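K.L.:
For the sequence shown, the residue numbers in the numbering used here are 181 to 535. Have a look at the structure that comes next, please.
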Amino acid sequence: MDWPNELGTLILTARNPTESGDAIRCAASILRAGGLVAFPTETVYGLGADALNAKAVAGIFAAKGRPVDNPLIVHIAEASQMESLAQNIPPEAYLLADKFWPGPLTLVLESRPAVPPETTGGLHSVALRVPDHPAALALLKEAAVPVAAPSANLSGTPSPTSARHVLDDLAGRIDAVLDGGPSGVGVESTVLDIRNGQPLLLRPGGVTPEEIAFILGRECPQAYWQENMSEPPPSPGLKYGHYAPKAPLYLVRGQPGAVLDRVRELRDYFQTRGDKVGLLLSRESAGDIVSEYVEILGDRKDAGELAANLYAALRRFDQQNVDVIIAEGYGEEGMGLALMNRLIKAAGSRVIDVE
Ligand code: AMP
Ligand code: MG
181 MDWPNELGTL ILTARNPTES GDAIRCAASI LRAGGLVAFP TETVYGLGAD
231 ALNAKAVAGI FAAKGRPVDN PLIVHIAEAS QMESLAQNIP PEAYLLADKF
281 WPGPLTLVLE SRPAVPPETT GGLHSVALRV PDHPAALALL KEAAVPVAAP
331 SANLSGTPSP TSARHVLDDL AGRIDAVLDG GPSGVGVEST VLDIRNGQPL
381 LLRPGGVTPE EIAFILGREC PQAYWQENMS EPPPSPGLKY GHYAPKAPLY
431 LVRGQPGAVL DRVRELRDYF QTRGDKVGLL LSRESAGDIV SEYVEILGDR
481 KDAGELAANL YAALRRFDQQ NVDVIIAEGY GEEGMGLALM NRLIKAAGSR
531 VIDVE
């Protein structure tokens, strides 16, 4: 068969479920043989390998340059597969799986010994999710193995929301990419520790803590950890600075009017220095601010739209080689929590609060 390829990475097209059978079968056979296949999910593109094949999983870490103690999310085709990978599963996990799977919720559970330490980062827990994407589900069913898959980007860069983004980072480093069009949610899944039945939010994402609290009938607190703490983080991911564009990003938080004033001041300051300034704004704010490099994420009140467009916008700034990015901050209700979590990580220490 004559598949297109880039630097030796096969590009398999699976945009239309009825015409994608060959592409899915090809991708599945690569996974079963221990290869690496990037595939679309509703959150971002994942870089998949057979989760029970330690050597294949090691290949993911090598391709991404990912720290080996940062465990991977294992993707399954249906909730019934939970029991072959996890044990002592509390009833709350079944409730959440029933409500949110397929969907952007990852459940951390006690792992079974069959799951190799390469996949769990040496922890005794395993992270599981059923993705809500027709190509991902078809691939998981056809491969008939659980598939470990972190985001399909080089470690530390913004996650990929299209096959193009995957190839920009990983062409020649992975066997294939399954192109299923752009990812709809645009930020990674919510990661929730539910081992003892008490929900603990490890990473905000596509399912909000309000939705989880509603289903369980109890609060869903967020894990807190800072670098100077003596105990290890509740999730290894908390200690890594993710999601960063190449240029330094300044995030301005506060009331919209004051935020806009500060964004203008910063733009003027950097432009006077001769910098190429990228502005990351809502549609409302972009109407009020003039600049050559503007990325509009969406309506200020629609955190889902803002989040869906975030990573592609950061990658365009990378391509334009801007010297600095100034980003507007948003409220943390609903999907705003995941959006602001990614923006704060992208900003590192450059978060500016205005009155
Ligand atoms: P990524 O695959 O790049 O979206 O990242 C997966 C996230 O889930 C990382 O932040 C991991 O640290 C976290 N994670 C995966 N497995 C576990 C686990 N067993 N316990 C706690 N956090 C986990
Ligand atoms: Mg990632």
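A virtual CB, placed ideally from N, CA and C, is assigned to each residue, including glycine. Nothing here was measured: the structure is a model prediction, and the numbers come from that model.
#1: Where in the segment 426-464 do unbroken runs of the alpha helix (DSSP H), each at least 4 residues long, occur, reported from the N-terminal end onward?
#2: Please classify residue 260: does DSSP put it in a helix, a strand, or coil?
#3: Leaving out five residues before and five after residue 489 in sequence, what residues of the same chain have Cβ atoms less than 7 Å from its Cβ?
#4: For residue 203, does the count of other Cβ atoms within 10 angstroms reach 16, so buried, or fall short, so exposed?
#5: State yes or no: is the C-beta of residue 358 within less than 7 Å of the C-beta of residue 192?
#6: Taking residue 394 as the reference, give the member of 383, 405, 379 and 403 with the closest Cα.
#7: I believe residue 313 touches residue 370 by the beta-carbon criterion, under 8 Å. Please report the beta-carbon distance rounded to the nearest angstrom.
#8: Count the other CB atoms, across all protein chains shown, that sit within 10 Å of the CB of residue 304; report buried if there are 16 or more and exposed otherwise.
#9: How about residue 431 and residue 507: are their beta carbons less than 7 Å apart?
#10: Can you tell me whether residue 449 is buried or exposed, with buried defined as 16 or more other CB within 10 angstroms of its CB?
#11: Could you tell me whether any non-hydrogen atom of the ligand MG is closer than 6 Å to the CB of residue 330?
#12: Less than 7 Å between the beta carbons of residue 341 and residue 311, yes or no?
#13: Identify whether residue 471 lies in helix, strand or coil by the three-state DSSP scheme.
#14: Pairs of beta-carbons, one from the segment 252-272 and one from the segment 381-394, closer than 8 Å: are there three or more?
#15: Thinking C-alpha only, which one of 482, 451, 433 and 440 is nearest residue 466?
#16: Taking contact to mean at least 3 C-beta pairs separated by less than 8 Å, is the segment 266-278 in contact with the segment 287-295?
#17: Count the other CB atoms within 10 Å of the CB of residue 502; is the residue buried (16 or more) or exposed (fewer)?
#18: Tell me the DSSP secondary structure of residue 290 in three-state form.
#19: Would you list the one or two residues that DSSP bridges to residue 254?
#20: Compute the distance between the beta-carbons of residue 429 and residue 527, then report whether it is under 7 Å.
#21: How about residue 404 and residue 522: are their beta carbons less than 7 Å apart?
#22: Just reading off the beta strand (DSSP E) that residue 531 is part of, what are its end residues?
#23: Run through the segment 338-425 for me and flag every whole beta strand (DSSP E) of 3 or more residues, listed as ranges in chain order.
#24: How would you call residue 399, buried or exposed, if buried means at least 16 neighbouring beta carbons within 10 angstroms?
#25: Taking C-beta to C-beta, are residue 243 and residue 237 nearer than 7 Å?
#26: Enumerate in chain order the residues of its own chain whose CB-to-CB distance from residue 464 is below 8 Å, with the five nearest sequence positions on each side excluded.
#27: Could you check the C-alpha separation between residue 456 and residue 511 for me, to the nearest Å?
#28: Confirm the yes/no value for this check: CB of residue 250, any heavy atom of the ligand AMP, distance under 6 Å.
#29: Would you mind reading off the limits of the beta strand (DSSP E) that contains residue 217?
#30: Could you name the residues that DSSP lists as bridge partners for residue 193?
#31: If I follow the unbroken beta strand (DSSP E) through residue 275, where does it start and stop?
#32: What three-state label does DSSP hand residue 519 in the structure shown?
#33: Is the closest heavy atom of the ligand AMP to the C-beta of residue 417 under 6 Å?
P.N.:
In brief:
#1: 436-452
#2: helix
#3: Contacts found: 366, 477 and 478.
#4: buried
#5: yes
#6: 379
#7: 16 Å between Cβ atoms; not a contact.
#8: exposed
#9: yes
#10: exposed
#11: yes
#12: no
#13: coil
#14: no
#15: 440
#16: yes
#17: buried
#18: Residue 290: strand per DSSP, three-state reduction.
#19: In the DSSP output, where bridge partners are listed per residue, residue 254 has 308 and 328.
#20: Going by C-beta atoms, residue 429 is nearer than 7 Å to residue 527.
#21: no
#22: 531-533
#23: 356-359, 370-373 and 380-383
#24: exposed
#25: no
#26: 436, 479 and 480
#27: 28 Å
#28: yes
#29: 217-219
#30: 359
#31: That residue, residue 275, is in no beta strand (DSSP E); its alpha helix (DSSP H) goes 271-280.
#32: helix
#33: yes
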